[in-house]
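Going left to right, the sequence shown walks through residues 0 to 628 as numbering that gives the first Met the number 0 numbers them.
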Amino acid sequence: MKRLFLVLSLFFIVFLAKAQDKNFHIFLCLGQSNMEGAARIEAQDTVNVSERFLMMAAVDDPSRGHVKGQWYKAVPPLCREKTGLTPVDYFGRTLAEQLPEDHSIGVINVSIGGCKIEAFMKDQIAEYAKTAPEWMIPMLKAYDNDPYKWLVDLAKRAQKDGVISGILLHQGESNIGEEDWPLKVKSLYENLLKDLDLEAENVPLIAGEVVNADRGGRSASMNTIIDKLPETIPTAHVVSSSGCTQFFDQIHFDAAGYRDMGRRYAAVMLPLMGYEAPVSRMYHVPVESPIIHRFGGGVTFNIRAPHAKSVLLSSQFLKENVSLTMNREGIWSVTLRVENPDIYPYNFIVDGVTVSDPSNTELFPNEGFKASLLTVPDEKALYHVNDVPHGRVTWCTYKSDVLGTYRPLLVYTPAGYETGDRSYPVFYLVSGTTDTEETWFKVGKVNTILDNLIAQGQANPMIVVMPYGNMMIGTPMPSSLQAAEMYGVFAKEMTECIMPYVEKEFRTLPGRDNNAIAGFSRGGGQSLFTAFSHMDQFAWVCSYSAYLTPEVMDLYFPFFTKSPDDINAQFKLMWFGVGEDDFLYRDVVKNREYFDTRGISYQSLTTKGGHTWMNARTYLSTTLQLLFK
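Take a look at the structure:
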């Protein structure tokens, strides 16, 4: 009778898993001892396990009646007989608590204590097994000396019952100091995706840090390498081990540490699945924001503000500000769909005060407002970093006799500049009102865009100089004559201070044909005024969302009307870009009409959108392909 009951129970569990189909989320778990589980299993770990949290037996376990490849309620140990508590335990428990009742979780744990990542690399395991230490041989043998193939075979069985939704990795102690570890993990990850017919965007890789330095971790230096994993694998996420308690050997977590790490794994995974993480249980987990979901174009924004009465999100991808909702832990959150990949500035408004995202290190360099940057990846975009030769951006300081102080300057030099003796044309690129000398670099991504265009043969190699456009005398409305006075100060600064410094410190080609100037917003007005007042030094000028009024043109540049043919002959390129929704659109059009009626040639581009850095990047990408040709 007892045997019959066991058989019926197993049948019910298997049937349940199969019946759940796409709502049965399966996770592949692999690594070394911290994933295998090295802490003693306590009573609290074996009770109150959800019926919706299942484990597939990776090996036969006669002591519990487990048969390889069958599903069972996920009562530890989850790896093999006599292994301990693992992060997978509380990862699954947390997911079961947070996911809807019609969803279930399945885990497959194939791990080997003390192993290097090579134990899971299909092209290296054979050689690795030959040199494995004696104590590891029984562990390898349990997986037929090929843990990778063993995991894949189990995963294929599992795919008949549900959907593989993620891969959990906790490994690195045995590969400490190996800078190529992320590349090895990438190879492993890509092989799993290929062999199981999975798409990376649907199956993220979640990797945990080893015992942290704040707990005296003996392998803590490996965390700097583990933390670089998302740079190599775009769909990888790293789980912090900061504050997680450890066993006396300072290599393994203790039971409390495993519970904490498991919840942290879940805290990373849940938003990727479109669900809120239980922050109350992750005492040491910093707020993560923004979180870009693996599918659907969703982005979650979070900020801790337990005493705030209201929090709004403001961004240029939104038509209006959006309210966030606070959970019981004081975390305000909102998940939104971002239709178009791009780089967007955004900020929070907390009780009426504008603040940047404290969880995001990507900040918008600006004097007037506090904003962070959201990058929605687009591998086809020119601002996407590719495997091409990269130039260098250098921070410089020059003396300004015009302003009576020292001023900052960023200079981009193309790949090969440092090792060669070639001289290059110079493109002076000016940021807008309240922007800094860093904005074209950090927001405009001029270095990445130019790297890609040069590699594609679409742009000539050039030096790009990014000055600080603030002349310390205010910024009058661009429609006023006072604005022209400020533009004049900038022109003097450019020609008497910036250009001599650049020509002295860098290998530049001489003559006006090798000098171009462009700018966004205020920088566009400064660029037009500088080029028009110093035609002997500039043959190329571009204006991004900027203009000069007819009054300024008639007062300062009457020769444009008297000798349009001469103007056309001297400028190799005059270019205007503006968005249809730009608040300066009509004024830019008037500027173009001024030239039209006088027979002065120019090129132009009108785009959708407004006075944004998304448009500024478009104008930059377009004009870089026209300069110095």
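Glycine residues also receive a C-beta, built at the ideal position from the N, C-alpha and C atoms.
Measure the Cβ-Cβ separation of L381 and Y345 and say whether it is below 8 Å. No; because the gap between Cβ atoms is not below 8 Å, this pair is not in contact.
Have a look at the DSSP bridge pairing and note the partners of I507. A small correction: the amino acid at residue 507 is Thr; Ile does not occupy that position in the sequence shown. Paired residue(s): Y423.
Grouping DSSP H, G and I as helix and E and B as strand, with all else coil, what is D60? Strand at D60.
Relative to the alpha-carbon of H24, which residue among M260, D101 and K115 has its alpha-carbon at the smallest distance? Comparing Cα-Cα distances from H24 to each of M260, D101 and K115, the minimum goes to D101.
Going by beta carbon distance, what residues of the same chain come within less than 8 Å of G608, once the five residues before and after it are set aside? Excluding sequence positions up to five before and after G608, its CB lies within less than 8 Å of the CB of G578, E579, D580, D581 and N614, all in the same chain and listed in chain order.
What is the C-beta distance between N365 and D434, in whole angstroms, given that I count them as a contact (C-beta under 8 Å)? Rounded, the Cβ-Cβ distance is 6 Å, consistent with contact.
From the DSSP output, read off the bridge partner residues of T404. Residue pairing of T404 in beta bridges, as defined by DSSP: S399.
To the nearest angstrom, how far is it from the Cα of I205 to the Cα of R591? Distance between the alpha carbons of I205 and R591: 53 Å.
Note down the Cα distance separating W149 from A118, rounded to an integer number of angstroms. So the two alpha carbons sit approximately 12 Å from each other.
S110 burial status per 10 Å Cβ neighbour count (16 or more: buried): The residue is buried, with at least 16 neighbouring Cβ atoms inside 10 Å.
Considering I516, what are the terminal residues of the beta strand (DSSP E) in which it resides? Following the DSSP letters along the chain, one finds I516 inside the beta strand (DSSP E) bounded by residues N514 to F519.
M465, enclosing alpha helix (DSSP H) - first and last residue: No alpha helix (DSSP H) holds M465; the beta strand (DSSP E) holding it covers I462 to P466.
Using CA coordinates, which residue listed in A125, L153 and E133 is at the minimum distance from D145? It is A125.
Return the chain-ordered list of same chain residues with a C-beta closer than 6 Å to the C-beta of T82, the five sequence neighbours on each side being excluded. The answer, listed in chain order, is E35, G36 and P76.
What separation, rounded to the nearest whole angstrom, lies between the Cα atoms of F519 and S526? As the crow flies, the alpha-carbon of F519 is around 9 Å from that of S526.
Mind checking L168: buried by the 16 CB within 10 Å criterion, or exposed? By the 10 Å Cβ count, L168 comes out buried.
Mind checking which residues open and close the alpha helix (DSSP H) that includes K129? First-last of the alpha helix (DSSP H) with K129: I124 to K129.
Between the alpha carbons of S430 and L623, how many angstroms are there, rounded? Straight-line measurement puts the Cα of L623 at about 16 Å from the Cα of S430.
Exposed or buried, P289, counting other C-beta atoms within 10 Å across all chains shown (16 or more means buried)? By the Cβ neighbour-count rule, P289 is buried, with 16 or more other Cβ atoms within 10 Å of its own.
Sequence ranges, beta strand (DSSP E) only - wholly within the region 177-227, length at least 3: For the region 177-227, whole beta strand (DSSP E) runs of length 3 or above, ordered along the chain, are 204-207.
Per the contact definition of three or more C-beta pairs closer than 8 Å, is the region 367-383 in contact with the region 470-479? With the rule of 3 Cβ pairs closer than 8 Å, the region 470-479 does not count as touching the region 367-383.
Going by DSSP in three states, Q43 sits in which element: helix, strand or coil? Here Q43 sits in helix by DSSP.
If you draw a straight line from the C-alpha of N514 to the C-alpha of K318, how long is it? The straight-line gap from Cα to Cα measures roughly 39 Å.
Could you tell me the alpha carbon to alpha carbon distance between D535 and S478, rounded to whole angstroms? Here the alpha carbons of S478 and D535 stand approximately 26 Å from one another.
Mapping the DSSP letters down to three states, classify A483 as helix, strand or coil. The answer is helix: DSSP assigns A483 an H, G or I state.
Drop a sphere of 10 angstroms on the beta-carbon of T611, count the other beta-carbons inside from all chains shown, and report buried for 16 or more, exposed for fewer. When all chains shown are included, T611 counts as buried.
Tell me the DSSP bridge mates of Q245? Its beta-bridge partners are F252.
Measure the alpha-carbon distance for L372 versus E80 and round it to whole angstroms. Within the model, the alpha-carbon separation for L372 versus E80 is close to 48 Å.
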